[in-house]
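Protein chains in written order, with our numbering: chain A, 1124 to 1312; chain B, 1124 to 1312. Take a look at the structure set out below.
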DNA sequence: CCTACCGATCGGTAGG
DNA sequence: CCTACCGATCGGTAGG
């Protein structure tokens, strides 16, 4: 019984992620969502507390996966180059697993409200710090070559997150190969 | 007299671009805009016809500049490598000239309505076709190396358009240098 | 350019 | 999970 309720909630959250991805968070109404899952608008509230909670759930689920993945990779005893490859794989694994959520996470997080917004920003800050550290360690070891860590971090992240909207066009291996090659070739010293 | 009216309209459009950039198109109300420019909400309609027109104006102004810039560059008698450099410069010139509009153009175009949406898509298609052609000609001449033109085009565009939101953090020269180096180094054969 | 106002739609609640 | 409904806010208009 309890798992059925949880499944229905997850079903509604997934439908919301699709709608938020396609129309944007603000332009998606609870009425849109109700129609998509075959309920009356008010019945949605038997499963969720608010529209805001839907966005929080989608964004934080993604954020938690990125945080966990980063912590695994960051503390591994492998080269910065291998860490970077693992990070690209982390992003693509999440993208191919939950593409709609990953897109919403990427494009709609600005509509998050406190206190979730604060948590989100904190998690992202930590992620960024570790990502940049991997880049600058690679440079210190003479493996990577670039000037501004902040700029290079940002453009790499943007390249990778384009893939969130491309999962239905290419097999993961092809996207990952092209992305990894492009990034590592450019960083190569 | 006429120029003053035009200036006031442009002033309102610029204010709208700032708001659309910060809050998103759907989350920005005419009341927000009125407050920002110091008018009563209904007075906005003495200068514009609709909220939709504001978005159309912002997006098409950018689109026209990209179209004009691309047509200049595309038909020049220079190498693909130089054309690509000129395209990066085109994007950065527009970004540093009208950063808010460039961001809205990039993130909010999906809220455009017909018939403007159709024009926008057409202009973008043409831009993409020419951009990809420059990439594939560079490869044919043995200057560029990559596998999938579509993927590489998209990741390059994403890298470049990150700069729209970074114009107040770095001088144009620094961003352009890092971006150009990163992209050309990766494409180099 | 303002006051006054409208119909539509929004997120959400009451009560069963 | 539904029917019925609420107050708030939206884009936009009438009339001056």
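All C-beta atoms in this analysis are idealised placements derived from N, C-alpha and C, irrespective of residue type, glycine included.
For residue i and residue j, I'd like the C-alpha separation in whole angstroms.
i	j	result
residue 1270(A)	residue 1276(A)	11 Å
residue 1282(B)	residue 1305(A)	12 Å
residue 1256(B)	residue 1189(A)	36 Å
residue 1232(B)	residue 1247(B)	11 Å
residue 1227(A)	residue 1291(B)	26 Å
residue 1138(B)	residue 1287(B)	17 Å
residue 1259(B)	residue 1263(A)	35 Å
residue 1186(B)	residue 1230(A)	21 Å
residue 1170(B)	residue 1144(B)	21 Å
residue 1220(A)	residue 1244(A)	23 Å
residue 1165(B)	residue 1178(B)	18 Å
residue 1130(B)	residue 1273(B)	41 Å
residue 1133(A)	residue 1289(A)	24 Å
residue 1312(A)	residue 1249(B)	36 Å
residue 1203(B)	residue 1197(B)	9 Å
residue 1241(A)	residue 1180(A)	14 Å
residue 1184(A)	residue 1217(A)	11 Å
residue 1156(A)	residue 1300(A)	37 Å
residue 1308(B)	residue 1285(A)	20 Å
residue 1212(A)	residue 1251(A)	16 Å
residue 1182(A)	residue 1236(B)	28 Å
residue 1208(A)	residue 1208(B)	28 Å
residue 1280(B)	residue 1280(A)	13 Å
residue 1268(B)	residue 1268(A)	20 Å
Does the Cβ of residue i lie closer than 8 Å to at least one heavy atom of the ligand FMN?
i	result
residue 1253(B)	Among the ligands in the structure shown, none appear at all, so the ligand FMN cannot be discussed.
Quick one: using the 10 Å Cβ neighbour count with 16 as the cut-off for buried, is residue i buried or exposed?
i	result
residue 1278(B)	buried
residue 1191(B)	exposed
residue 1296(B)	exposed
residue 1168(B)	exposed
residue 1310(A)	buried
residue 1238(B)	exposed
residue 1147(B)	buried
residue 1206(B)	buried
residue 1261(B)	buried
residue 1136(B)	buried
residue 1200(B)	exposed
residue 1234(A)	buried
residue 1195(B)	exposed
residue 1294(B)	exposed
residue 1124(B)	Residue confidence is low: residue 1124(B) scores 49 on pLDDT, short of 50, so the model does not pin down where it sits. No coordinate-derived value is stated.
List the whole-angstrom C-beta distance separating residue i from residue j, where the pair is believed to meet the contact cut-off of C-beta under 8 Å.
i	j	result
residue 1223(A)	residue 1141(A)	5 Å
residue 1298(A)	residue 1215(A)	6 Å
residue 1193(A)	residue 1253(A)	5 Å
Is there contact here, the region 1155 to 1171 of chain B with the region 1296 to 1305 of chain A, by at least three beta-carbon pairs under 8 Å? no
May I ask you to verify whether the region 1174 to 1188 of chain A touches the region 1141 to 1157 of chain A, counting CB pairs closer than 8 Å and requiring at least 3? yes
If you scan the region 1202 to 1279 of chain B from start to end, which runs of the alpha helix (DSSP H) of 4 or more residues do you find wholly inside it? 1203 to 1220, 1222 to 1230 and 1239 to 1263
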